[in-house]
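Data block below; observations after.
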Amino acid sequence: GEDVEQSLFLSVREGDSSVINCTYTDSSSTYLYWYKQEPGAGLQLLTYIFSNMDMKQDQRLTVLLNKKDKHLSLRIADTQTGDSAIYFCAETTPQGGKLIFGQGTELSVKP
Amino acid sequence: GAVVSQHPSRVICKSGTSVKIECRSLDFQATTMFWYRQFPKQSLMLMATSNEGSKATYEQGVEKDKFLINHASLTLSTLTVTSAHPEDSSFYICSAGPGPRLVYEQYFGPGTRLTVT
Chain D
1 GEDVEQSLFL SVREGDSSVI NCTYTDSSST YLYWYKQEPG AGLQLLTYIF
51 SNMDMKQDQR LTVLLNKKDK HLSLRIADTQ TGDSAIYFCA ETTPQGGKLI
101 FGQGTELSVK P
Chain U
1 GAVVSQHPSR VICKSGTSVK IECRSLDFQA TTMFWYRQFP KQSLMLMATS
51 NEGSKATYEQ GVEKDKFLIN HASLTLSTLT VTSAHPEDSS FYICSAGPGP
101 RLVYEQYFGP GTRLTVT
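Each protein sequence line maps, in turn, to chains D and U. Heads up: the first sequence runs through residues 1 to 111, numbered per the working numbering. Heads up: the second sequence runs through residues 1 to 117, numbered per the working numbering.
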């Protein structure tokens, strides 16, 4: 079945890089996403990667995809206190666009 | 672009009453809307998928008679929690897709906090 897993917590210092990891099981995933959720708010799409890509960079964000190992990571360069939030990875399949979410990683950025 | 709104943002109701939550795509037409439920410190649980003009498809374990979903137009879906009980208290989030740029993209509303007393 479909399953997406993430580590639950990550703490970094301001200015450092953050790397949030995610593993998934469905090899037919077509798109993989990273969403950010601030307290009491909905989800904000940060970036996505198509399954035939290895890497995507968007300003401070770098997404790496290892399709063989079904491993996805999000690197945030020069992490700021405003980056503190919960980060969800998600996958979708061709069948219906349904998103399968990981448990979310709570990123804490200390000044 | 691709803004999704939800109304209300917070609602408190008494046990036994019904509550309606609206989800609107403001600047694009959403053929599909999704309803999620999120408990504190947990991930989003998909409750149902609704396509405009047809009946919603509910996930296993979600009571369709309790959570009524209507998707009457390409910009509006509603979730009605009928005969609400305290265990229905949760954060309800909708999303709308496909987004205007990407066929599998979903845009999320800001969520509705439901508290049943």
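Quick reminder that beta carbons are idealized off the backbone N, C-alpha and C, glycines included.
Please say whether residue 49 of chain D and residue 74 of chain D have beta carbons closer to each other than 7 Å?
no
Closer than 7 Å, CB to CB, is residue 107 of chain D near chain U or not?
no
Proximal residues, the segment 23-47 of chain U versus chain D, C-beta separation under 9 Å
32, 34, 36, 38, 41, 42, 43, 44, 45 and 46
What does a CB cutoff of less than 8 Å around residue 14 of chain D pick up in its chain, not counting 5 residues either side in sequence?
79, 80, 81, 109, 110 and 111
Where are the beta strand (DSSP E) runs, 3 residues long or more, that stay fully inside the segment 12-64 of chain D, in chain order?
18-24, 31-37, 43-50 and 55-58
When U:54, U:85 and U:115 are compared against residue 71 of chain U, the one with the closest alpha-carbon
U:54
Tell me which residues of the segment 13-43 of chain D have at least one Cβ-Cβ distance to chain U shorter than 8 Å, keeping chain order.
30, 31, 35, 40, 41, 42 and 43
Listed by chain order, chain B residues near residue 93 of chain U by CB distance under 8 Å:
Included in the structure are the protein chains D and U, with no chain B among them.
Per DSSP, residue 72 of chain D is paired with what?
D:22 and D:65
Any idea if residue 40 of chain D is buried or exposed, counting beta-carbon neighbours within 10 angstroms, 16 or more meaning buried?
exposed
Just the C-alpha distance for residue 66 of chain D and residue 66 of chain U, rounded to the nearest angstrom, thanks.
41 Å
Along chain U, in chain order, which residues have C-beta atoms closer than 8 Å to that of residue 98 of chain D?
34, 46 and 49
Between the alpha carbons of residue 19 of chain U and residue 88 of chain D, how many angstroms are there, rounded?
28 Å
Output, in chain order, the set of chain U residues within a Cβ distance shorter than 9 Å of residue 88 of chain D.
43 and 44
Tell me whether the beta-carbon of residue 21 of chain U lies closer than 7 Å to the beta-carbon of residue 74 of chain U.
no
Between residue 19 of chain D and residue 41 of chain U, what straight-line distance do the alpha-carbon atoms span, to the nearest angstrom?
20 Å
Residue 6 of chain D, enclosing beta strand (DSSP E) - first and last residue:
4-6
Using a Cβ cut-off of 7 Å, pull out every chain U residue sitting near residue 9 of chain D, in sequence order please.
The contacting residues do not exist; residue 9 of chain D stays about 11 Å from chain U at best.
Find the residues of chain U that neighbour residue 124 of chain D, judging by a C-beta separation of less than 9 Å, and give them in chain order.
Beyond the ends of chain D as shown, which are 1 and 111, falls residue 124 of chain D; an answer cannot be given.
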